[in-house]
Amino acid sequence: MSTASELLHQWPQESREATQLVIDKYGQPQEATETTFVWHHPGPWKRIVASRTFYHHNFPAPHIDCIESVIDYQVPVEKFDELALFDGSVVVERTAGEVSARCHDEQANLLALNLMHDIVTGQKNVEQARAYYGKEFLDYRRKKPTPYMEKLRFEPNRENAMDPDEAILSENDLERAVKEGEQGGG
Numbered sequence: 001m002s003t004a005s006e007l008l009h010q011w012p013q014e015s016r017e018a019t020q021l022v023i024d025k026y027g028q029p030q031e032a033t034e035t036t037f038v039w040h041h042p043g044p045w046k047r048i049v050a051s052r053t054f055y056h057h058n059f060p061a062p063h064i065d066c067i068e069s070v071i072d073y074q075v076p077v078e079k080f081d082e083l084a085l086f087d088g089s090v091v092v093e094r095t096a097g098e099v100s101a102r103c104h105d106e107q108a109n110l111l112a113l114n115l116m117h118d119i120v121t122g123q124k125n126v127e128q129a130r131a132y133y134g135k136e137f138l139d140y141r142r143k144k145p146t147p148y149m150e151k152l153r154f155e156p157n158r159e160n161a162m163d164p165d166e167a168i169l170s171e172n173d174l175e176r177a178v179k180e181g182e183q184g185g186g
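Every letter in the sequence shown is one number past the one before it in UniProt numbering, and letter 64, counting from 1, is 64.
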């Protein structure tokens, strides 16, 4: 069986460099395959997933996305469109009750998820969040304070974040469908 370092050596440089930052901070992953490394409950995260595959992303400036940071968080359905407009690398998993951000590093993921929370809670609209993202991204390079990149500015919903949705079919509906199927669908 290959070790994480042997597997990582085979990854593209972009993914390898970003993943090494996670290893340097949190140690070896709990799971390692040829395509992904996973850390469970590192720092503030439910998990971090590093991927061999990386995606080119132009917001707020060209970079690559391959480090995904996941939290438990229930997003109201009516906020999904706003989050999609804010940043395509913020992903909401309604049923699982998770939100993740995928970028080059943990600091950018903190920034994206803190702004996601601001949008969900009405503290910022999409345009304000995008503008603030750009400002803090530049401030990071200027070595100025970047409060949204330092830590999560809210507590993730560790309980009750899942949304199993509502059933629209009853057991009777399902049983009737099975019987109809057995009778030839008629």
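Positions of the beta carbon are idealized from the N, C-alpha and C atoms, including for glycine.
Checklist entry - With a CB to CB cut of under 7 Å and the five nearest residues on each side skipped, what residues in its chain are close to D118? => result K124, A129
Checklist entry - Cβ of V75 within 8 Å of Cβ of V91? => result no
Next on the checklist: Just to confirm the assignment, what range does the beta strand (DSSP E) spanning D72 have?
Outcome noted: 63 to 72
Checklist entry - Expressed to the nearest angstrom, what Euclidean distance is found between the alpha-carbon atoms of D65 and V120? => result 23 Å
Next on the checklist: If you follow the alpha helix (DSSP H) that E182 is in, where does it begin and where does it stop?
Outcome noted: 171 to 182
Next on the checklist: Taking only three categories from DSSP, how would you classify T121?
Outcome noted: coil
Checklist entry - Are the CB atoms of Y73 and N114 nearer to each other than 8 Å? => result no
Checklist entry - Just curious, the beta strand (DSSP E) that S51 is in, first and last residue? => result 47 to 57
Checklist entry - Helix, strand or coil: which one does DSSP assign to E98? => result strand
Item to check | DSSP three-state assignment for T33, whether helix, strand or coil | outcome: coil
Item to check | Which residues DSSP lists as bridging H104, in chain order | outcome: DSSP, once it has assigned bridges, lists no residue as partnering H104.
Item to check | Host beta strand (DSSP E) of E93 (start-end) | outcome: 90 to 93
Checklist entry - Ends of the alpha helix (DSSP H) at E166? => result Here E166 belongs to no alpha helix (DSSP H), and DSSP marks it neither H nor E.
Checklist entry - Going by alpha carbons, who is nearest to Y55 out of Q28, R102, L169? => result R102
Next on the checklist: Looking at the ligand FMN, does it come within less than 7 Å of A167, judged from the CB to the closest heavy atom?
Outcome noted: You won't find the ligand FMN in this model; it holds no ligand whatsoever.
Next on the checklist: So, at 6 Å on beta carbons, what are the nonlocal neighbours of S51 in its own chain, with the 5 sequence-adjacent residues on each side left out?
Outcome noted: T36, C66
Checklist entry - Of the choices S69, G184, D105, whose alpha-carbon is the least far from that of E93? => result S69
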